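Residues in the sequence shown are numbered from 3 upward in steps of one, following the numbering used here. No residue lacks a Cβ here, since even glycine has one placed at the ideal position from N, Cα and C. These figures come from a predicted structure and were not determined experimentally.
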Amino acid sequence: MTEIKELFKSETKISRDCRVKYWLFCKILDYLLANQFYIGKDYVSYKDINTYLDKQCTFDYIDSIHAQTELWIHEMLWLGLINFDESSQQMSLTPEGYKACQEQRYHSILASLYEAKYSRLIAKWALIVALISVVISISINAI
Numbered sequence: 003m004t005e006i007k008e009l010f011k012s013e014t015k016i017s018r019d020c021r022v023k024y025w026l027f028c029k030i031l032d033y034l035l036a037n038q039f040y041i042g043k044d045y046v047s048y049k050d051i052n053t054y055l056d057k058q059c060t061f062d063y064i065d066s067i068h069a070q071t072e073l074w075i076h077e078m079l080w081l082g083l084i085n086f087d088e089s090s091q092q093m094s095l096t097p098e099g100y101k102a103c104q105e106q107r108y109h110s111i112l113a114s115l116y117e118a119k120y121s122r123l124i125a126k127w128a129l130i131v132a133l134i135s136v137v138i139s140i141s142i143n144a145i
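The structure is reproduced here in structure tokens:
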């Protein structure tokens, strides 16, 4: 029974981490895109992006480790979604990042992850309601 609990905890953590990762991808890409098109800034400082993320954060993001956040930003660099100038500590959107925004690539992944989360929650509550209704119907028939 403990192995099942550990597996469930591990699966829950992986699911949460994926949601935070793609939430971070979406927020950074959207922020860079908004700054580029609405404000006209091609480069945004790393500090401004962190401030924005802290203002927009979710509970799962707060709960995640900041070192992991750094790893995900490096993954965005590796995927070619963003550029990072180390000397000025500024980020910019690449053509691949712009294409990912146009296609809503990471937004649709994030939406699917949230849909799966809430589908599991609905299924869990449906099972609880079904069990309660079985107990009530058995007790009514016993009377």
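query = When we look at the beta-carbon of residue 46 and count the other beta-carbons within 10 Å, is it buried (16 or more) or exposed?
reply = Numbered from 1 along the sequence shown, position 44 holds the residue referred to as residue 46. By the neighbour-count rule (16 or more Cβ atoms within 10 Å), residue 46 is buried.
message = Mapping the DSSP letters down to three states, classify residue 56 as helix, strand or coil.
response = Against the sequence shown, residue 56 aligns to sequence position 54. Under the three-state reduction of DSSP, residue 56 is assigned to helix.
7 Å Cβ shell around residue 83 - same chain, five flanking residues per side excluded = Taking the first residue of the sequence shown as 1, we reach residue 83 at position 81. Cβ within range, chain order: 31, 96, 98, 99, 102.
task = Taking only the alpha-carbon atoms, compute the straight-line gap between residue 40 and residue 137 and give it to the nearest angstrom.
result = For the purposes of this step, residue 40 is identified with residue 38 of the sequence shown, where counting begins at 1. For the purposes of this step, residue 137 is identified with residue 135 of the sequence shown, where counting begins at 1. Whole-angstrom Cα-Cα distance: 59 Å.
ask   = Which term fits residue 52, buried or exposed, when burial requires 16 or more other beta carbons within 10 angstroms of its beta carbon?
value = Start at 1 with the first residue of the sequence shown, and residue 52 comes out as number 50. It is exposed - the Cβ of residue 52 has fewer than 16 other Cβ atoms within 10 Å.
ask   = Are residue 115 and residue 28 closer than 9 Å when you measure CB to CB?
value = Within the sequence shown, residue 115 is the residue found at index 113, counting from 1. Within the sequence shown, residue 28 is the residue found at index 26, counting from 1. Cβ distance not < 9 Å, so residue 115 and residue 28 don't count as in contact.
ask   = Under three-state DSSP, which class holds residue 89?
value = Mapped onto the sequence shown, residue 89 falls at position 87. Coil at residue 89, not helix or strand.
inquiry  = Let's see if you can read the secondary structure: which residues bound the alpha helix (DSSP H) around residue 120?
reply    = Numbered from its first residue, the sequence shown carries residue 120 at position 118. Looking at the DSSP string, the run of the alpha helix (DSSP H) that includes residue 120 is 107-144.
task = Less than 8 Å between the CB atoms is what I'm expecting for residue 2 and residue 91, so what's the real figure, rounded?
result = A question about residue 2 goes unanswered here, because the residues of the chain that appear run from 3 up to 145.
ask   = In the DSSP assignment, what residue or residues form a beta bridge with residue 84?
value = The residue you call residue 84 lines up with position 82 of the sequence shown. In DSSP, residue 84 forms a bridge with 95.
message = Pull the bridge partners of residue 47 from the DSSP assignment, please.
response = The sequence position of residue 47 within the sequence shown is 45, counting from 1. According to DSSP, which records beta bridges pairwise, residue 47 is partnered with 92.
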